[in-house]
Structures are given as C-alpha cells and as structure tokens.
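Since the structure comes first, as structure tokens, the remarks are kept for the end.
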Amino acid sequence: MLVQKLSWIILLLFLCQHGAEAKRTVACEGKSLRLSCVWGLIKVIKANYGRTDRTTCTYGKPAHQTSNMRCFLGTSLHTMSIRCDGRKSCSVPAVNSVFSNPCVGTYKYLDVHYVCVKKDALRGNQIGASDSVHSDPVTVSKSTWK
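Below you can see the structure in the form of structure tokens.
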C-alpha cells in the first residue's frame, strides 16, 4: 500500500512539473465507463468503485442508498489496470460482478483517473521521459450525473 501511495505522489509531481493533466470519468452503477486516448496508451492512476460523496449519481435514488460516503473498494485500481492499462480504449461495466460489493445497500459509482502515455512509459509502471505524458482529448462515456 505504501508503494502504491508513493507511486501516486511521484506521478502527481511529474504531471505538475510537465503541465499534463489526468483525465477523470465516472459511471453510475449499472452503466459502463469508457476510457480512450487519441494519442498514446491508457495508464490508470486512481480508481474507486463505491461512493465518496452525496451528489454523484443520485438522480432518482432514495437518500438511504446515497448517504454512505465511506464506501471504498481497495482493489478497484488493480481491476481497472488489468482491464485498461496499455490499451487505446477500454470499456468497463460499473457492476458488482466485476468489482464485488464493498457496501451492500449503497448505490455506487466507478470513479477513474487516468493519463495517456507513450508505450515505453508503461514498462515497469513508471513514467520516465519528459514527453511521456500528454493531455490529449479523450472520449468519455455519457453517464447521468446528478
């Protein structure tokens, strides 16, 4: 866990230094999340299938299904990395059968942060050269956020 946190900090420092931005996209439970890079390949840097706020993906849901804001699934990043890292695009359903159910009775969403990197930057999960990360336009799936 400490190594994962340190990797995240190093990546953030790199992104800030070189002006690149991570992309963020969210899919409500039962919908699919689509990531894609116009240039480069996907590298997922942060992910959670659960709930951490009361406003995301709440439309039409009763309050008792959206009040738990401490719903985290520690394996979300691993699951997303396996399915998306190194690809030009990927689509992942935000469902319990893919991620498990970290909080029964809570309406969840999949929240993912990623960057588009050169192929050689994915080796060893390290970002290396100064031109390895780019802020390219991405296609994000349409999900209802309310």
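The sequence shown runs -22 to -1, 1 to 124 under mature numbering (1 follows the signal peptide of the UniProt record, and there is no 0).
Every residue gets a Cβ at the ideal spot worked out from N, C-alpha and C, and that includes glycine.
Whole-number beta carbon distance between residue j and residue i, since they are thought to touch under 8 Å
i, j, result
"LYS21", "LEU55", "Contact doesn't hold; Cβ gap of about 11 Å is too wide."
"THR3", "VAL90", "6 Å"
Whether residue i touches residue j by CB criterion (8 Å)
i, j, result
"TYR92", "THR34", "no"
"LYS66", "LEU19", "yes"
"GLY28", "LEU13", "no"
DSSP beta-bridge partners of residue i
i, result
"TYR27", "LEU88"
"ILE70", "Residue 70 is actually Val in this sequence, not Ile. Beta-bridge pairing links VAL70 to LEU11."
"VAL82", "VAL82 is not bridged to any residue."
"ALA41", "According to DSSP, ALA41 bridges with nothing at all."
Between the CA atoms of residue j and residue i - distance to the nearest angstrom
i, j, result
"ALA72", "TYR85", "11 Å"
"CYS68", "VAL95", "15 Å"
"GLY64", "THR53", "19 Å"
"ALA41", "LYS9", "20 Å"
Candidates the options, of which the one nearest residue i by Cα
i, options, result
"TYR37", "THR53, VAL70, ASP63 and ALA5", "ALA5"
"LYS1", "CYS15, PRO80 and CYS81", "CYS15"
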